[in-house]
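Student: For the sequence shown, the numbering used here begins at 2 and goes up steadily by one.
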Amino acid sequence: MKEDYILFEDEQVLAVNKPSGLLSIQDRFDPLKPCALNEFSVRGRNLLPVHRLDKETSGVLCFAQNPAAHRAISLLFEERMVEKNYLAICHGKPEIEEGQIDLALAHHLQKPGLMRVHPKGKPSQTLYKVEAQWREFCMLRVKPLTGRTHQIRVHLASIGCPIVGDQAYGGSEGLKIDDIKKNRLKTKEESSSFLISRVALHSDLLSFHYLAKDYKFMADLPRDMKAAINQLNKWQKA
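(1) Give the single residue among P113, Q101, E99, R117 whose Cα lies nearest to the Cα of A107.
(2) Of the residues I153, A220, D5, E12, which one's Cα is nearest the Cα of I90?
(3) With distances taken from CA atoms, which of V61, A201, L88, A169 is nearest K112?
(4) What are the boundary residues of the alpha helix (DSSP H) that P145 is part of?
(5) Does the beta-carbon of M82 have 16 or more other beta-carbons within 10 angstroms, so that it is buried, or is it exposed?
(6) What three-state label does DSSP hand P226 in the structure shown?
(7) How would you write the range of the beta strand (DSSP E) that K217 sits in, first residue to last?
(8) Quick check: the Cα distance between I7 and G122, rounded to an integer number of angstroms?
(9) Taking the C-alpha atoms as reference points, what is the distance between K42 and C63?
(10) Report buried or exposed for A229, applying the criterion of at least 16 other Cβ atoms within 10 angstroms of its Cβ.
(11) In angstroms, rounded to a whole number, what distance separates the CA positions of S208 and Q237?
(12) Let me know if K94 comes out buried or exposed under the rule of 16 or more other beta-carbons within 10 Å of its beta-carbon.
(13) Report all residues from its chain with a CB closer than 6 Å to the CB of L206; omit the five preceding and five following residues, and keep chain order.
(14) Can you tell me which of the three DSSP states K56 falls into?
(15) Could you say which of V200, W135, E10, R149 lies nearest to P163 if we only look at CA atoms?
(16) Since H71 and L104 are thought to touch, with beta carbons under 8 Å apart, how far apart are those beta carbons, to the nearest angstrom?
(17) Excluding five sequence neighbours on each side, which residues of the same chain lie with their C-beta closer than 8 Å to the C-beta of E84?
(18) Are L242 and L176 touching if we call contact CB-CB under 8 Å?
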């Protein structure tokens, strides 16, 4: 893995800009699959995971560099003392431009590995705000207050804004140029071209306070999301 994916490093932590398609940690059933933990555990680093991003989610991923930092920063996550911000390109638009989603989540009994809204599930809260609006899509800034599996994906789907590329929770297969241009295409090849072919979710900020120091890591949007936004601004102005 290229060193230019590294956002920050000191004796306590390593923060990287994880690309989409890379696991955060080893796969339980296939530990040889590439993952960020292994890719960056070079040059004498002893990395310990303090949180995860889904495989398709890009952006800020943080590791501890020693056991003491691992214990302390993991506790910060557990006690909700870590600020996490995401950007998501979604279908539709929310009825309210800024708000909080407060819906309990539980494992889906009929669909292993997925989550669902359920009154007897674990309490889950997510803040959201519209960052950009187009005719058929929007970009939301999302701040999860809890850290449940697939929380952002399920919560955004629950307000009628499934994330682009998130077929598991009501989104499309991805975002093609013809989804944006509609009847303005020049060639058939252009119509089948994917701008985004994964869950369009990016962790752009993570911050916390540790050892009298404020840590703040930021990661720019990846190329696929930037390309989609450029086309949406060009062809889908609200």
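Beta carbons are placed, not taken as given, at the ideal position from N, Cα and C, and that holds for glycine.
Tutor: The relevant details are as follows:
(1) Nearest option by C-alpha distance: R117.
(2) Checked all of I153, A220, D5, E12; the closest Cα to I90 is I153.
(3) For K112, the nearest C-alpha among the options comes from A169.
(4) Where P145 is concerned, there is no enclosing alpha helix (DSSP H), although the beta strand (DSSP E) it sits in stretches over 138-145.
(5) The residue is exposed, with fewer than 16 neighbouring Cβ atoms inside 10 Å.
(6) According to the sequence provided, residue 226 is Met. The question's Pro does not apply to it. Judged by DSSP in its simplified three-state form, M226 adopts helix.
(7) Secondary structure note for K217: its beta strand (DSSP E) is the uninterrupted segment 214-219.
(8) Between I7 and G122, the alpha-carbon positions lie close to 36 Å from each other.
(9) A small correction: the amino acid at residue 42 is Ser; Lys does not occupy that position in the sequence shown. Between the alpha carbons of S42 and C63 lies a gap of roughly 13 Å.
(10) Buried, because 16 or more other Cβ atoms sit within 10 Å of the Cβ of A229.
(11) Q237 has its alpha-carbon roughly 34 Å from the corresponding atom of S208.
(12) Buried is the call here.
(13) If we look at L206 and ignore the five residues flanking it on each side, its Cβ neighbours are N86, M219.
(14) Coil, per DSSP.
(15) The residue with the shortest Cα to Cα distance from P163 is V200.
(16) Between L104 and H71 the Cβ distance is about 31 Å, and since that is not below 8 Å, they are no contact.
(17) For E84, where only same-chain residues beyond five positions count, the Cβ hits under 8 Å are K144, L206, L207, S208, F209.
(18) For the chain, the structure presents residues 2 to 239; residue 242 sits outside this window and is missing.
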